[in-house]
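K.L.:
For the sequence shown, the UniProt record's numbering assigns the number 1 to the initial residue and increments by one for each residue that follows.
Quick reminder that beta carbons are idealized off the backbone N, C-alpha and C, glycines included.
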Amino acid sequence: MSLPPLLCLDTNVLLTVLVGEPKAEAVLDFLSGARGLLVCGPVAAELTPSQPDAEGWLREYGIEVDWVLGRAVWKRVGEAHAEYVTRRRASGGGLSRRILTDYLIGAHAEVGGLPLFTLNPADYTSFPKLEVLTFK
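The following block contains the structure:
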């Protein structure tokens with residue numbers, strides 16, 4: 001598979017490598033074909049409990065951090081979360097069970113027109129325009 005010039009990463013992809021899970025080698029092989037890797041600030045924050053110097057660790061792997069999430073990203077987060085809450089209530093599911101960070105990660109990639117590599121593609125069904133890459 002030919003990867004795009006810039007690829008956004010979900011936290012779970014990086015945690016797989018960071019904690020040395022069995023898929024870590026396959027993840028690194030997959031990412032070796034990317035020319036540029038990007039995460040949004042919330043991903044760096046989620047890594048901090050496992051890696052206190054998350055920013056340094058990301059830099060060591062050549063992963064850029066986009067610390068500024070503009071208005072368009074925040075607006076898309078609100079829209080996607082509202083759609084999810086409406087669907088959940090209509091199905092009798094009650095209150096939201098999704099973590100807002102997933103919406104930030106998805107909206108960041110979608111608004112930027114970038115694909116997102118994740119190990120949990122179901123987390124991003126609220127973003128139908130987002131190109132989601134994962135392992136089969």
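1. Cutting at 6 Å between CB atoms, please list the residues of its own chain near Lys23, excluding the five before and the five after it.
2. Can you tell me where the alpha helix (DSSP H) holding Asp102 begins and where it ends?
3. List, from N- to C-terminal side, the alpha helix (DSSP H) runs of 4 residues or more that fit wholly inside the UniProt domain "PIN" (8-120).
4. Thr101 and Pro52 - do their beta-carbons sit closer together than 8 Å?
5. Where Glu60 and Gly92 are concerned, what is the direct C-alpha to C-alpha distance, given to the nearest angstrom?
6. Taking only beta-carbon atoms, is Leu119 less than 8 Å away from chain C?
7. In this structure, what does DSSP give as the bridge partners for Leu133?
8. Can you confirm whether the region 108-116 touches the region 66-78 when touching is taken to mean that 3 or more C-beta pairs between the two stretches lie within less than 8 Å?
9. Have a look at Tyr103, Val132, Gly62, Pro4 and flag the residue whose alpha-carbon is nearest the alpha-carbon of Tyr84.
P.N.:
This is what the structure gives:
1. Same-chain partners within the cutoff: Thr16.
2. Segment 100-111, the alpha helix (DSSP H) holding Asp102.
3. If only complete runs of 4 or more residues are kept, the UniProt domain "PIN" (8-120) shows the alpha helix (DSSP H) at 11-18, 24-31, 41-47, 54-60, 71-90, 100-111, in order along the chain.
4. Not in contact: Pro52 and Thr101 (Cβ atoms no closer than 8 Å).
5. Our two residues, Glu60 and Gly92, have alpha carbons roughly 46 Å apart in a direct line.
6. Absent here is chain C; the protein component of the structure consists of one chain.
7. In the DSSP assignment, the residues bridged to Leu133 are Phe117.
8. Verdict: yes, contact present.
9. Checking every option, the nearest Cα to that of Tyr84 belongs to Tyr103.
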